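In my numbering, the protein residues as written are 326 to 674.
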């Protein structure tokens with residue numbers, strides 16, 4: 326994909342330009358099926374061996390790790406972020422590699438054991454294993470995972486392929502990840518209870534192969550995912566957030582902070598649900614198949630002809646998504662997040 330094509334995705338223009346520049350002098354693999362930005366994982370045709378899905382993700386110290394506080398949870402999240410990308414292309418996970426950059430003054434042998442246990446428990450939850458990786462000392466903590474999976478021939482699912490009028494569904498309630506990040510950075514990590522252990526939705530693979538037209542995970546938040554899906558397909562979107570779309574923790578935080586619940590869909594700690602586009606004629610059959618696999622699909626809007634990007638929030642108000650997300654991204658998550666968010670809302674964003 327050229328840099329001109331990427332410029333449609335103006336919310337991520339800076340990052341997209343860097344990625345495009347890095348790729349400009351690279352030789353494209355003749356086996357690769359997807360173009361840049363078109364899928365959560367890279368898809369390669371191995372001939373008689375079938376299709377291979379590959380992805381890599383890095384979590385850096387600071388805001389990206391705000392949702393996890395224990396070594397076990399960090400290990401779990403490290404595995405989950407890359408396996409979730411496999412889930413978004415309806416791949417069956419095969420193996421995960423993990424690379425760790427650790428601070429000498431912060432990590433003990435017991436911490437390392439707990440990290441490994443968390444990473445392995447997550448992998449086994451998704452039907453695969455951690456098979457290796459790399460570990461280094463560094464000044465800043467970071468964790469990288471590379472996940473590999475297989476896709477049946479003829480079952481390619483990516484971010485492109487949606488059509489005007491397609492219904493948008495998410496595979497489960499949203500906002501739990503954003504609630505965990507907000508709780509840690511804006512509220513001082515005051516909530517009690519078990520650590521947040523997100524789930525990669527690998528169970529959705531077979532129904533989405535049958536019915537899905539396009540798919541993306543919500544690791545950057547539901548609203549950003551919806552905008553990306555719309556713009557990559559040259560469409561507009563209307564996201565409708567009703568009460569049932571939110572995880573229970575979202576309502577609790579919204580009530581205690583007097584913030585609207587849609588903020589949990591606009592922030593970018595995300596969760597790891599899948600946002601998928603489906604022909605309305607197939608929507609019920611797809612939802613039933615997902616429900617049989619223990620998921621809870623929820624209708625969250627539709628893709629439309631044109632370029633308008635709209636949010637209809639739980640109060641029925643209509644908001645322009647482009648301006649809303651750009652201004653939300655300008656907030657510093659490590660700064661006075663709660664006060665800055667209230668100030669932004671007071672301006673009528």
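From the three backbone atoms N, C-alpha and C, an ideal C-beta is built for every residue, glycine too. The model shown is predicted, which means the values in this text are computed figures rather than measured ones.
Cβ shell of residue i (< 8 Å), same chain only, five flanking positions each side left out
{"i": "residue 640", "result": "585"}
{"i": "residue 439", "result": "395, 396, 397 and 400"}
{"i": "residue 429", "result": "462"}
Distance between residue j and residue i (C-alpha atoms, nearest Å)
{"i": "residue 383", "j": "residue 468", "result": "6 Å"}
{"i": "residue 455", "j": "residue 535", "result": "29 Å"}
{"i": "residue 633", "j": "residue 478", "result": "35 Å"}
{"i": "residue 589", "j": "residue 481", "result": "31 Å"}
{"i": "residue 492", "j": "residue 527", "result": "21 Å"}
{"i": "residue 560", "j": "residue 662", "result": "32 Å"}
{"i": "residue 630", "j": "residue 363", "result": "19 Å"}
{"i": "residue 461", "j": "residue 435", "result": "17 Å"}
{"i": "residue 485", "j": "residue 357", "result": "15 Å"}
{"i": "residue 367", "j": "residue 359", "result": "7 Å"}
{"i": "residue 450", "j": "residue 672", "result": "44 Å"}
{"i": "residue 437", "j": "residue 443", "result": "10 Å"}
{"i": "residue 602", "j": "residue 483", "result": "11 Å"}
{"i": "residue 623", "j": "residue 472", "result": "27 Å"}
{"i": "residue 388", "j": "residue 658", "result": "7 Å"}
{"i": "residue 610", "j": "residue 351", "result": "42 Å"}
{"i": "residue 552", "j": "residue 369", "result": "26 Å"}
{"i": "residue 376", "j": "residue 616", "result": "27 Å"}
Selected residue, minimal CA-CA separation from residue i, among the options
{"i": "residue 675", "options": "578, 427, 513 and 473", "result": "A query on residue 675 cannot be resolved here, the shown segment of the chain reaching from 326 to 674 and no further."}
{"i": "residue 521", "options": "433, 623, 531 and 506", "result": "506"}
{"i": "residue 497", "options": "642, 543, 453 and 537", "result": "543"}
{"i": "residue 654", "options": "578, 549 and 570", "result": "549"}
{"i": "residue 431", "options": "464, 403 and 402", "result": "464"}
{"i": "residue 575", "options": "385, 591 and 617", "result": "591"}
{"i": "residue 474", "options": "371, 579 and 393", "result": "371"}
{"i": "residue 668", "options": "583, 598 and 502", "result": "583"}
{"i": "residue 504", "options": "558, 625, 402 and 573", "result": "573"}
Spatial neighbours of residue i in its chain, beta-carbon cut-off 6 Å, leaving aside the 5 residues before and after
{"i": "residue 515", "result": "In this prediction, residue 515 has a pLDDT of 47, which is less than 50 and means its spatial position is unreliable; what the coordinates show is noted afterwards. Closer than 6 Å at the Cβ level, and outside the excluded window around residue 515, lies no residue."}
{"i": "residue 545", "result": "593 and 595"}
{"i": "residue 327", "result": "Note that residue 327 scores 30 on pLDDT, short of 50, meaning its location in the model is unreliable; the coordinates nonetheless yield the value given after this. Here the set comprises nothing."}
{"i": "residue 674", "result": "649 and 652"}
{"i": "residue 666", "result": "none"}
{"i": "residue 426", "result": "461, 463 and 467"}
Contacts around residue i, its chain only, beta-carbon distance under 7 Å, and the 5 residues preceding and following it disregarded
{"i": "residue 567", "result": "639"}
{"i": "residue 419", "result": "453, 473, 474 and 475"}
{"i": "residue 517", "result": "With a pLDDT of 46 at residue 517, under the threshold of 50, the modelled position of that residue is not reliable, and no figure is offered here."}
Contact test: residue i Cβ vs the ligand SAM heavy atom, cutoff 7 Å
{"i": "residue 362", "result": "Absence of the ligand SAM from the depicted structure is noted, as is the absence of any ligand whatsoever, leaving it without description."}
Inside the region 429-487 only - beta strand (DSSP E) runs reaching at least 3 residues: 454-462 and 467-476
If we require 4 or more residues per run, which alpha helix (DSSP H) segments fall completely within the region 595-634? 608-617
Which complete alpha helix (DSSP H) runs does the region 337-364 hold, if anything under 4 residues is left out? 338-349
contact_flag[the region 498-512, the region 410-423] where n(CB pairs < 8 Å) is 3 or more: no
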